[in-house]
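Taking it in order: structure first as structure tokens, then the write-up.
Residue numbers (the working numbering), protein chains in the order written: chain A, 1 to 372; chain B, 373 to 719.
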């Protein structure tokens, strides 16, 4: 008799699914559990309007999505009650108190089931969670794997929380079969950033100011910003170019690139990938993609900075909100070809060792089902 | 020994319990100090002009006069006389612990302790702040259950009347806080005492449901109770961790010959051992000084899992070196602090 297919259900704490989210960890991991371990993977959430999710059919083949009738916690609990026999693995993303009752409910019906709790926390989030309560401790004790997405947060949470905290980085999966042949030879003098351009968290103005400050000393370098531009940021851009009109032809606002192959080309061309955020969840997803493409990383001192740079072997960390330090860093790296070349090679290998989503899922699977 | 107490009598400076059968039990001889080896200088002249010896006799004798015949005063007299009897035996530095309300008894006991040896000290755990300070008494305002008691510190512990009726069981940590042959005085219904404890106790039956128990804490008793104490349980956990870590060392050495021994089962067993360590460390983490010990064991598990899942034979040697390095870091962390240094009483 054929064995029952195991079910992996990812239930979002609140809200639902959007296209970009599908290719982050909360979509990649269920997909790889389906593809590599034959799980029936289901993404669950609430979307007020029917969402536009082309990535689901294009990339997450075989993964299903189910929509709740509303965004209430009781509805999520009811969903778990009704589907408990199908949920062999419950996957939870983010560190939210809603999970306390969801996990209690799941354990009531499925003491034999597995729970993967991917906190993806940063220091700010950690300090705002009431972790010393019975409810939180009980939640942790019922999870089979509790994970942080960068080493610093893993260490911090290990010290604060009464649980074994595993490191499960936000990895990258090559959905579009990007080729990386002769990668480093084809690179151009480009500093790249990818994300929601101009959102307050990303501090892109620091990147622009830093590039402007050293532009005279790195004259053969360009800056490319890929991603939707926040409408409020457009005013800033206009002002910036009034002050630095000569940089108009060296700074490109590319806009959103939804085509994953085209986006990969952006990473492949760039020698440096820069992040100026004041915070991120753990290690941002874009870091893994940049490392795979052999980019040297320059990052602000977010929690995942050491993971992003392999502790300085393939990148540099600069203080948060520090234009001078960032421009110094660009000046130094862009004018030191051997440092850059060595860092690119290391980034290429480091990505494959530590950010390969398939390896990460293999390890997660082993933690869930292999460790006794 | 169970004594059904009728009364305490004093005849010519000799204090005795008289039981219901009329038998006399010596409690304290206030008249004859000639055989004691105390370092007290009996012929000192006190501030009030009296000799110390004379003061002691007066103190003992005054007990009769301060006794109002109530159960409480009877209890206090027995305890006081027993303590006094102990004090004149040998020139120790004595630490006593009183648990309960501060009273004239506290002051009286502190006074005597000081006279025998200035280093003698009385500790008092009380739920109510004392109205005044008393020399050589340290107060801690707390509930007993919230206090972490030191190991083997006190010569005697006296649980005061405030704890009557809520002291039917003895906290193990309280017994362990006594030195060997120290005495624990407490009031309870003696029918509730386990027989094993009765053997080491003098029980003064005050009336039908109430007895004063003087439990002499022996090495044997402490040994038998050790694993029930919070630190006994902690130490047991630590020893399990150390045993697993030592065993791991052998297995890691065997990994060197990875071509012959790196079967999946062998590695699964190693990973499982590290995971067990992690779980045990997590349980006692709050008691440990090391901040990073959890992370170090987790990183060891991580590298072992990578080794286990990695199918590229050419990388095995490199993995082996990293496993050794991570094991050493985790092992060193165990010994960096005194978290894993055990007391001789350990099982």
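Idealized CB from N, CA, C, for every residue including glycine.
Using a C-beta cutoff of 7 Å, does residue 4/A count as contacting chain D?
-> The displayed structure is made up of protein chains A and B, and chain D is not among them.
Is the Cβ of residue 690/B closer than 7 Å to any Cβ of chain A?
-> Locating residue 690/B in the second chain gives position 318, where the first residue counts as 1. Chain A has no Cβ within less than 7 Å of the Cβ of residue 690/B.
Mind pulling the chain B residues with CB within less than 9 Å of residue 159/A?
-> For the purposes of this step, residue 159/A is identified with residue 159 of the first chain, where counting begins at 1. Near residue 159/A (Cβ distances below 9 Å), the residues of chain B are 657, 663, 664, 666 and 667.
Chain-order list of residues whose beta-carbon lies under 6 Å from that of residue 477/B (same chain, five-residue window excluded) | Translated into positions along the second chain, residue 477/B becomes position 105. If we look at residue 477/B and ignore the five residues flanking it on each side, its Cβ neighbours are 448.
When you check each C-beta in the region 208 to 230 of chain A against every C-beta of chain B, which residues fall closer than 7 Å?
-> Residues: none.
Determine, using beta carbons only, whether residue 373/A comes closer than 7 Å to chain B.
-> Any property of residue 373/A remains undetermined from this structure, which presents chain A solely from 1 to 372.
Whole-number beta carbon distance between residue 368/A and residue 166/A, since they are thought to touch under 8 Å | Here residue 166/A refers to the residue found at position 166 of the first chain. Here residue 368/A refers to the residue found at position 368 of the first chain. About 10 Å separates the two Cβ atoms, so there is no contact after all.
For residue 383/B: DSSP bridge partner residues = By one-based count along the second chain, residue 383/B stands at place 11. Residue 383/B is bridged by DSSP to 386/B.
Any 3 or more C-beta pairs closer than 8 Å across the region 337 to 356 of chain A and the region 307 to 319 of chain A = Note that the region 337 to 356 of chain A touches the region 307 to 319 of chain A; at least 3 beta-carbon pairs, one per stretch, sit closer than 8 Å.
Measure the C-alpha to C-alpha separation of residue 669/B and residue 197/A and round it to an integer number of angstroms.
-> By 1-based counting over the second chain, the position of residue 669/B is 297. By 1-based counting over the first chain, the position of residue 197/A is 197. Whole-angstrom Cα-Cα distance: 40 Å.
How do the region 322 to 340 of chain A and the region 100 to 117 of chain A stand: do at least 3 beta-carbon pairs fall below 8 Å, yes or no?
-> When C-beta atoms of the region 322 to 340 of chain A are compared with those of the region 100 to 117 of chain A, fewer than three pairs fall below 8 Å, so the two segments do not count as touching.
Own chain partners of residue 269/A with C-beta closer than 6 Å, once the 5 adjacent residues on each side are dropped | Taking the first chain and counting its residues from 1, one reaches residue 269/A at position 269. Same-chain partners within the cutoff: 188 and 190.
The region 544 to 558 of chain B / the region 516 to 530 of chain B touching (three or more Cβ pairs under 8 Å) = Flag = yes, the region 544 to 558 of chain B and the region 516 to 530 of chain B touch.
Where residue 357/A falls, given that 16 or more other Cβ within 10 Å makes a residue buried | Your numbering for residue 357/A matches position 357 in the first chain. Burial of residue 357/A is indicated by the presence of at least 16 other C-beta atoms within 10 angstroms of its C-beta.
Any C-beta of chain A under 7 Å from that of residue 677/B | Translated into positions along the second chain, residue 677/B becomes position 305. Taking Cβ atoms only, chain A reaches closer than 7 Å to residue 677/B, which makes this a yes.
Residue span of the alpha helix (DSSP H) that contains residue 544/B, given as start and end = What you label residue 544/B is simply residue 172 of the second chain in a count that begins at 1. Taken as a continuous stretch (DSSP letters only), the alpha helix (DSSP H) holding residue 544/B covers 544 to 548.
Short CB-CB distance (under 7 Å) between residue 114/A and chain B | Numbered from its first residue, the first chain carries residue 114/A at position 114. Not flagged as an interface residue toward chain B: residue 114/A, since no C-beta distance is shorter than 7 Å.
What is the DSSP secondary structure of residue 166/A, reduced to helix, strand or coil?
-> Translated into positions along the first chain, residue 166/A becomes position 166. DSSP places residue 166/A within a strand segment (E or B) once states are collapsed to three.
Of the choices 159/A, 142/A and 220/A, whose alpha-carbon is the least far from that of residue 653/B?
-> Counting from one through the second chain, the residue named residue 653/B turns up at place 281. The residue with the shortest Cα to Cα distance from residue 653/B is 159/A.
Residue 146/A at chain B interface by Cβ criterion, 7 Å | Residue 146/A sits at position 146 when you count from the first residue of the first chain. Chain B contact via Cβ: absent.
Residues near residue 305/A in its chain [Cβ-Cβ closer than 7 Å; skip 5 each side] = Residue numbering aside, residue 305/A sits at position 305 when the first chain is read from its first letter. The residues are 299 and 317.
Measuring CA to CA, which of 13/A, 208/A and 71/A is closest to residue 119/A?
-> As a first step, residue 119/A must be located in the first chain, where it is residue number 119. The candidate whose alpha carbon is nearest that of residue 119/A is 13/A.
Along the alpha helix (DSSP H) that carries residue 252/A, what are the first and last residues, could you check?
-> Taking the first residue of the first chain as 1, we reach residue 252/A at position 252. Careful: residue 252/A lies outside any alpha helix (DSSP H), inside the beta strand (DSSP E) at 251 to 255.
Using a Cβ-Cβ distance under 7 Å, would residue 650/B count as near chain A?
-> Counted from its first residue, the second chain places residue 650/B at position 278. It does; some Cβ of chain A falls within 7 Å.
Measure the beta-carbon distance from residue 659/B to residue 706/B and round it to whole angstroms, keeping in mind my assumption that it falls under 8 Å.
-> Translated into positions along the second chain, residue 659/B becomes position 287. Translated into positions along the second chain, residue 706/B becomes position 334. So it is not a contact: roughly 14 Å between Cβ atoms.
Rounded to a whole number of angstroms, what is the C-alpha to C-alpha distance between residue 184/A and residue 291/A?
-> Locating residue 184/A in the first chain gives position 184, counting from the first residue. Locating residue 291/A in the first chain gives position 291, counting from the first residue. Just so you know, the alpha carbons of residue 184/A and residue 291/A end up roughly 12 Å apart.
Tell me, which residues are paired with residue 390/A by DSSP?
-> The question about residue 390/A has no answer, for chain A in this structure spans 1 to 372.
When DSSP builds the beta bridges, which residues end up paired with residue 585/B?
-> As a first step, residue 585/B is located in the second chain; it is residue number 213 there, counting from the start. Partner(s): 558/B and 575/B.
Span of the beta strand (DSSP E) around residue 65/A = Counted from its first residue, the first chain places residue 65/A at position 65. Looking at the DSSP string, the run of the beta strand (DSSP E) that includes residue 65/A is 64 to 67.
Whole beta strand (DSSP E) elements within the region 89 to 136 of chain A, 3-residue minimum | The region 89 to 136 of chain A contains these whole beta strand (DSSP E) runs: 89 to 93 and 114 to 118.
Can you tell me which of the three DSSP states residue 145/A falls into?
-> The residue you call residue 145/A lines up with position 145 of the first chain. Of the three classes helix, strand and coil, the one that applies to residue 145/A here is strand, per DSSP.
For residue 498/B, which residues from the same chain have a beta carbon less than 7 Å from its beta carbon, with the 5 sequence-adjacent residues on both sides left out?
-> Here the question's residue 498/B lines up with position 126 in the second chain. Correct list, in chain order: 472, 473, 474, 511 and 513.
Select from 493/B, 699/B, 681/B and 454/B the residue whose C-alpha is nearest the C-alpha of residue 360/A.
-> Walking along the first chain from the start, residue 360/A turns up at place 360. Out of 493/B, 699/B, 681/B and 454/B, 681/B has the C-alpha closest to the C-alpha of residue 360/A.
Identify the contact partners of residue 155/A in chain B, using a Cβ-Cβ distance below 8 Å as the criterion.
-> Position 155 of the first chain, counted from the start, is the residue given in the question as residue 155/A. The contacting residues are 664 and 667.
What three-state label does DSSP hand residue 486/B in the structure shown?
-> Here residue 486/B corresponds to residue number 114 of the second chain, with the count starting at 1. Annotated three-state conformation of residue 486/B is helix, per DSSP.
Look at the alpha carbon of residue 687/B and the alpha carbon of residue 352/A, and state the distance between them as a whole number of angstroms.
-> Working through the second chain from its first residue, we reach residue 687/B at position 315. Working through the first chain from its first residue, we reach residue 352/A at position 352. When rounded, the distance between both Cα atoms is 14 Å.
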